[in-house]
Structure formats: structure tokens, C-alpha cells
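2 protein chains.
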Amino acid sequence: MDWVAADWGTSNLRLWLMDDAGRPERRIESDQGMAAIVREDYEPTLLGLLRRDLPEDRTVPVLVCGMAGSRQGWVEAPYARVPCVPPSADAAVRVETRSSRVAVRILPGISQDDPTDVMRGEETQIAGVLQERPGFDGVICLPGTHTKWVHVSAGEIVSFRTYMTGELFALLRERSVLRHSLGGETWDREAFLVAVDRALSHPATVAGDLFALRAESLLRGLGPETAQSRLSGLLVGIELAAARPYWLGQQVAIVGETALADAYRAALGAQGLEASVLGAEAMTLAGLTAAWRHLKETAQ
Amino acid sequence: MDWVAADWGTSNLRLWLMDDAGRPERRIESDQGMAAIVREDYEPTLLGLLRRDLPEDRTVPVLVCGMAGSRQGWVEAPYARVPCVPPSADAAVRVETRSSRVAVRILPGISQDDPTDVMRGEETQIAGVLQERPGFDGVICLPGTHTKWVHVSAGEIVSFRTYMTGELFALLRERSVLRHSLGGETWDREAFLVAVDRALSHPATVAGDLFALRAESLLRGLGPETAQSRLSGLLVGIELAAARPYWLGQQVAIVGETALADAYRAALGAQGLEASVLGAEAMTLAGLTAAWRHLKETAQ
Chain A
1 MDWVAADWGT SNLRLWLMDD AGRPERRIES DQGMAAIVRE DYEPTLLGLL
51 RRDLPEDRTV PVLVCGMAGS RQGWVEAPYA RVPCVPPSAD AAVRVETRSS
101 RVAVRILPGI SQDDPTDVMR GEETQIAGVL QERPGFDGVI CLPGTHTKWV
151 HVSAGEIVSF RTYMTGELFA LLRERSVLRH SLGGETWDRE AFLVAVDRAL
201 SHPATVAGDL FALRAESLLR GLGPETAQSR LSGLLVGIEL AAARPYWLGQ
251 QVAIVGETAL ADAYRAALGA QGLEASVLGA EAMTLAGLTA AWRHLKETAQ
Chain B
1001 MDWVAADWGT SNLRLWLMDD AGRPERRIES DQGMAAIVRE DYEPTLLGLL
1051 RRDLPEDRTV PVLVCGMAGS RQGWVEAPYA RVPCVPPSAD AAVRVETRSS
1101 RVAVRILPGI SQDDPTDVMR GEETQIAGVL QERPGFDGVI CLPGTHTKWV
1151 HVSAGEIVSF RTYMTGELFA LLRERSVLRH SLGGETWDRE AFLVAVDRAL
1201 SHPATVAGDL FALRAESLLR GLGPETAQSR LSGLLVGIEL AAARPYWLGQ
1251 QVAIVGETAL ADAYRAALGA QGLEASVLGA EAMTLAGLTA AWRHLKETAQ
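Chains A and B are the protein sequences, given in the same order. Letter by letter, the first sequence follows residues 1 to 300 of my numbering. Letter by letter, the second sequence follows residues 1001 to 1300 of my numbering.
This is the structure in C-alpha cells:
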């Protein structure tokens, strides 16, 4: 093992033990995300997960992206500000550890003044896209709990915007009165696309269409999977309406897990836009690897 | 005590012991709403709360409105369908009770086919408004967890629409990432009105403005009370955009608790519309009393 790549987010921590050719030898996943631990837990958590793998005789570099660098995380890695290249390892914050078996660096997130916005973690996936597709010029959509739309040009992040679409969907599905009317695993593509189109054309109607899911389930036997797909479509639709300046007439790359990326791809496809899809985890790893290479080159 | 008026909702139960002149002698409030109890609990809950007050020698009529009449409630009181007058006591469902000390009737809710919608409890407040303002012709707005906009004409409920504004606000304030950035009791009227105007003019921007509350709190020290007022304004604003056909150029009466009714009144006022405000509890009681009188007249 040459070094360790780490994506330390709010809910999860993923580690990859990287060989000296830049390939992952092993992948470790844990639920010890920022929300589950306090500051003092970071080092023991990391050492505990790497226990079997750390050599006795040398210090292993660990390069971290994500919420571990936030004020509530391990050590704050102050934001870089757009327009900027995705922060590389020389912008990373060195963490003082008690153990000398690891040398930890946390990559900074990115902020934007107007409209005020922040990201932590996605900048590393964007670096991964630029690695995978050198010279990419266009828009990167990163759907998730807090979906990001990012304008990238000449290797720089120019501007971006965050939409709470995934979190809203989860809250409505699990905590609202709609939870009685939603469920299942099957995606009703048609219901999704009709709802996207409706919300894109008339964003305000989303406000009334939400409770209609409950009413139609009570009075007309609307199925839970159709209702759920329609809810997803309404929320993605109003997001697409708000993010229209980002995607309209642009080259769009979606970075996300398969099902979610497919949904966004279908929604954009219905608007006549053919987006490409890149895997979220692959882009994180590519971004961390690029930052690592830069660090090694700078050190030599 | 002549009879008992009851508003049995999802979260709360309120009882009023009414004298034979139609005035409340005593008011009892309990948290034993539909969500807290099962079917078998309704009768013991009611008898327990009325224990001190029920006479030994006769049966006391109890007239109930609200979610107790839903399928998951005490006994289902099937919906009346618009257009219709607010259901009176002769449309109420008689509940079989073990005890002969109470004679319970539950008022039905109202449904609408297109757009599909339902209400339970608000129809009684609407009956109250028609009692308080005979001949009222216009629109009644009932803000709350599930805000209703209702078109009333010639004594009938013509159409209505439900918006989950209150529930969305509570979910975002208490359960989302925004909870770290919101709080306090003071209403920032200016921040509220600016947000209403923005969401009314450009409903889709709400999708991006939500996370901006978090980002501005992190980067610019946006205060929790201003952030909370702005969130409220964004959600009320998109509701007003969707409900525009209801209020534009109409006579509007708001039925709600003071603070919430004031917020809606201010939002509509900024659009040049002067709405009147009626107390929510007073309208519930007026509606139950009207239904009760009708029942007595019919019985004679």
C-alpha cells in the first residue's frame, strides 16, 4: 500500500488502500460519517479501520475529501473560492495526529459569494471528471442529497448551485403525511417524466401537486410506486426549472449512482438534451488520485 | 351542559361543554389526537376527559369534526363531494358506544374529484364563517399544516385546494440540514415579504433558495430568525403563486391562529389584497354549533 484515499462524508466514510501504481487494493466502507462521531473520534476511527493494513515501519499518507474538512468535522479546511481549479493536495490542510503511522491531509471545499453557496466533496469528483475527460467544457450535474449543478470551463469551476432535492424527497417519503401513500422499489418512468414536464413548465404547481398524491391515493387508489415516481419527478422538475440556465444548450455530464443518474438523464433527455453519465465513486477516486499525484510531483 | 362540541384532529383533541344557550361553559384540550391512539381508545378517551362533567341520569350528545371521522379514525364518516353545503349534523355518522352517557355523531369531511383533494375539519370552520358572515361569497384561506384555499359561493363549497406548506416548513426547520441555520421566535417581516415576492414572481427559484439559507448562514452569518422568516416566505410565496386563481381579485377571509393568519395577511397585503381574519377556534366552534342547531331543528 502506497497511500490511502478517503471520502469522509456526513453519513459515510469510504477508504481505498492504493498501490503504488494508483490502483485500489482494497475498499473499506463504514457508517462513521461526520454525523455519527465527534472531533476526537476521527483519528481512532481511521486507525481502527486501517489496523490490519498499516505497516509498522513507515508513515502512510492519507488524503481526505468531504465533510471531515468542515467546521464541525475533524479539522477545518477553509474553502477555495470560485472561479478556481478544483483544490489540489497542496491546498490541503495537514492534520496533526497522535499516531505517526498516518500523515493525514484534508482537501478544502469550494465556496461562492453570489449566489452564496458551498460544496465539500463534489469538487473532488469534478477533479475526477477533468482527469477522465481532459478539456471538458460544460456543465456537471451531481445529483444526491444536495444536488449540485456546476459550470466548468478551461479547467476551472466557474459557478455552481445547490438544490436540496434528495433531502426533500427523503423527508417527504419518510416523515410527511405522504409516507402512507409512497413506497416500493419499482421506478414508474412514465409517471416520473410526466411530473418532470409538469413541474418544469409550471413550477408553482408543485406546491399543490404534493398533497394531491395523498388525496389520489385515498380516493383513487393511486399506487405507491407511481406516487413515489411522481413525487421524484415533481422535485427533479422544479430543480430543472431553477437550474435551466445551467443545462440549456450545454454539454452536460451527470456524476451519480446508477438509478439516480438514469433518472436525471431521462429527465434531460425528454428536454432534448443527451447527457453523459459517469460513476460517482469512480470520479471521487479519480479526483483523489489526481490530487495525490500532484502532491507527489510537488514534493519531488 | 346541553351538549359537547369536539374537534378531534390528528395531533389534538379539543372539547367544549356547551350550555343550552349555545355558549361554551368549559374547554378541555388533550394531546390524544388520532395519531396518538387506536380505534378502541376513542370512547375511553372521551369518557375519561368528560368524567367530571357527564350527568348520571341522561345521555349527552357529542358532535365531532375532524380526523376522528377518517378511515384510520374512530368511525369513518364518508366524504361529501363538492359542490356542496358544509355537511350538517344530519349527514353525521352515529357512533355506537358501549356507554349510554354519550350519543356521539361525527361530521363528514369533503372530497373533490378534479383536482383530487380532501378535507376533514376545515369544512366545519367554513360552516362557521358562513354562520358569522351570512352570504359570504369569495375565498376562505385556512393556513396550517395543510393549508386549504376554498372557493365559497351561494352558501356552497365550490372548489378547494390543499398545500403542504406548514408541514414542509416544520420538516425543513426540524429535520433538514437547514435546522442548524434556523431558529428563534421573532418574525422578520421584511425578510418574509421579500421572500414571498421572490417566490411569487419566480416560483422555481425556491428550489435553489432553500440551500442558500444554509450557505449564507455559514459564510455570511445570516441570523437564524431572518433565515427562518425567509424560509417561511419562500414556502408561502410558492403557495400563493400556485393558488393565484383562488385569491386574485377576490374577497378573501383568512381563518387561522393569530401569528400565521397575520403572515398570510401581510403576504396578500403586499399584493394589494386586503384580507379579513377570523379566529380558527372560534370558527370551529361556530360551525359545530350551527350543525348542532340544525340537528335540533330537524329532530323537532
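Where is the CB? At the ideal position from N, CA and C, for every residue including glycine.
Which listed residue (the options) has its alpha carbon closest to that of residue i
{"i": "residue 1269(B)", "options": "1297(B), 1237(B), 1288(B)", "result": "1237(B)"}
{"i": "residue 1157(B)", "options": "1292(B), 1029(B), 1086(B)", "result": "1086(B)"}
{"i": "residue 1032(B)", "options": "1067(B), 1241(B), 1083(B)", "result": "1067(B)"}
{"i": "residue 118(A)", "options": "175(A), 74(A), 161(A), 264(A)", "result": "161(A)"}
{"i": "residue 239(A)", "options": "1216(B), 1210(B), 1242(B)", "result": "1210(B)"}
{"i": "residue 247(A)", "options": "49(A), 264(A), 39(A)", "result": "264(A)"}
{"i": "residue 72(A)", "options": "60(A), 145(A), 225(A), 39(A)", "result": "39(A)"}
{"i": "residue 224(A)", "options": "148(A), 192(A), 242(A)", "result": "192(A)"}
{"i": "residue 1272(B)", "options": "1279(B), 1290(B), 1251(B)", "result": "1251(B)"}
{"i": "residue 249(A)", "options": "222(A), 275(A), 234(A)", "result": "275(A)"}
{"i": "residue 205(A)", "options": "233(A), 220(A), 59(A)", "result": "233(A)"}
{"i": "residue 1267(B)", "options": "1243(B), 1290(B), 1289(B), 1288(B)", "result": "1243(B)"}
{"i": "residue 30(A)", "options": "289(A), 12(A), 2(A)", "result": "12(A)"}
{"i": "residue 144(A)", "options": "4(A), 254(A), 153(A)", "result": "254(A)"}
{"i": "residue 196(A)", "options": "216(A), 230(A), 222(A), 56(A)", "result": "230(A)"}
{"i": "residue 1089(B)", "options": "1017(B), 1219(B), 1199(B), 1109(B)", "result": "1109(B)"}
{"i": "residue 1050(B)", "options": "1035(B), 1018(B), 1121(B), 1174(B)", "result": "1018(B)"}
{"i": "residue 1278(B)", "options": "1132(B), 1002(B), 1115(B)", "result": "1132(B)"}
{"i": "residue 1241(B)", "options": "25(A), 207(A), 112(A)", "result": "207(A)"}
{"i": "residue 84(A)", "options": "153(A), 23(A), 65(A)", "result": "153(A)"}
{"i": "residue 1056(B)", "options": "1001(B), 1219(B), 1070(B)", "result": "1001(B)"}
{"i": "residue 1163(B)", "options": "1141(B), 1202(B), 1004(B)", "result": "1141(B)"}
Contact list for residue i against chain A, beta-carbon separation under 7 Å
{"i": "residue 1246(B)", "result": "Within 7 Å Cβ-Cβ: nothing; residue 1246(B) doesn't reach chain A, min ~10 Å."}
{"i": "residue 1002(B)", "result": "Near residue 1002(B) there are no residues of chain A at all, since even the closest Cβ is about 35 Å away, more than 7 Å."}
{"i": "residue 1239(B)", "result": "207"}
{"i": "residue 1161(B)", "result": "208"}
{"i": "residue 1218(B)", "result": "118"}
{"i": "residue 1177(B)", "result": "167"}
Chain-ordered neighbours of residue i on chain B, where CB pairs are closer than 7 Å
{"i": "residue 205(A)", "result": "1242"}
Chain B residues whose Cβ lies nearer than 9 Å to that of residue i
{"i": "residue 273(A)", "result": "Ordered by position in chain B, no residue passes the 9 Å Cβ test against residue 273(A), which lies about 17 Å from the chain."}
{"i": "residue 171(A)", "result": "1168, 1171, 1172, 1175, 1176"}
Residue burial classification, residue i (beta-carbon count within 10 angstroms, cutoff 16)
{"i": "residue 99(A)", "result": "exposed"}
{"i": "residue 1021(B)", "result": "exposed"}
{"i": "residue 1046(B)", "result": "buried"}
{"i": "residue 1009(B)", "result": "buried"}
{"i": "residue 135(A)", "result": "exposed"}
{"i": "residue 1062(B)", "result": "buried"}
{"i": "residue 1299(B)", "result": "exposed"}
{"i": "residue 1027(B)", "result": "exposed"}
{"i": "residue 186(A)", "result": "exposed"}
{"i": "residue 52(A)", "result": "exposed"}
{"i": "residue 1059(B)", "result": "exposed"}
{"i": "residue 1044(B)", "result": "exposed"}
{"i": "residue 7(A)", "result": "buried"}
{"i": "residue 214(A)", "result": "buried"}
{"i": "residue 123(A)", "result": "buried"}
{"i": "residue 189(A)", "result": "exposed"}
{"i": "residue 1216(B)", "result": "buried"}
{"i": "residue 1220(B)", "result": "exposed"}
Bridge-paired residues (DSSP) for residue i
{"i": "residue 153(A)", "result": "156(A)"}
{"i": "residue 1276(B)", "result": "1253(B)"}
{"i": "residue 111(A)", "result": "81(A), 118(A)"}
{"i": "residue 163(A)", "result": "147(A)"}
{"i": "residue 1247(B)", "result": "Answer is none; residue 1247(B) lacks a bridge partner."}
{"i": "residue 7(A)", "result": "14(A), 65(A)"}
{"i": "residue 1236(B)", "result": "DSSP output for residue 1236(B) lists no bridge partner at all."}
{"i": "residue 24(A)", "result": "18(A)"}
Proximal residues of chain A, C-beta to C-beta of residue i below 8 Å
{"i": "residue 1188(B)", "result": "None at all; the shortest Cβ gap to chain A is about 18 Å."}
{"i": "residue 1015(B)", "result": "What residue 1015(B) touches in chain A: nothing, since even the nearest Cβ is about 25 Å away."}
Proximal residues of chain B, C-beta to C-beta of residue i below 8 Å
{"i": "residue 211(A)", "result": "1117, 1146, 1162, 1163, 1164"}
Test: residue i CB closer than 8 Å to a CB of chain C
{"i": "residue 1225(B)", "result": "You won't find chain C in this structure, because its protein chains are A and B."}
Chain-ordered neighbours of residue i on chain A, where CB pairs are closer than 9 Å
{"i": "residue 1215(B)", "result": "111, 112, 115, 116, 117, 118, 162"}
{"i": "residue 1234(B)", "result": "In chain order: nothing, as chain A lies at least about 11 Å away."}
Take every Cβ of the region 96-109 of chain A, pair it with every Cβ of the region 249-266 of chain A, and state whether three or more of those distances are shorter than 8 Å.
-> No, the region 96-109 of chain A is not in contact with the region 249-266 of chain A.
Quick one: any contact between the region 1282-1295 of chain B and the region 1169-1187 of chain B, if contact means 3 or more CB pairs under 8 Å?
-> At 8 Å Cβ cutoff, the stretches do not touch.
Does the region 175-189 of chain A come within contact of the region 292-299 of chain A, defined as at least 3 CB pairs closer than 8 Å?
-> Verdict: no, contact absent.
Can you find at least 3 beta carbon pairs, one from the region 116-130 of chain A and one from the region 1127-1142 of chain B, that sit closer than 8 Å?
-> The answer is no - the region 1127-1142 of chain B does not touch the region 116-130 of chain A, with fewer than three Cβ pairs under 8 Å.
Between the region 67-81 of chain A and the region 91-98 of chain A, are three or more C-beta pairs nearer than 8 Å?
-> The answer is yes - the region 91-98 of chain A touches the region 67-81 of chain A, with three or more Cβ pairs under 8 Å.
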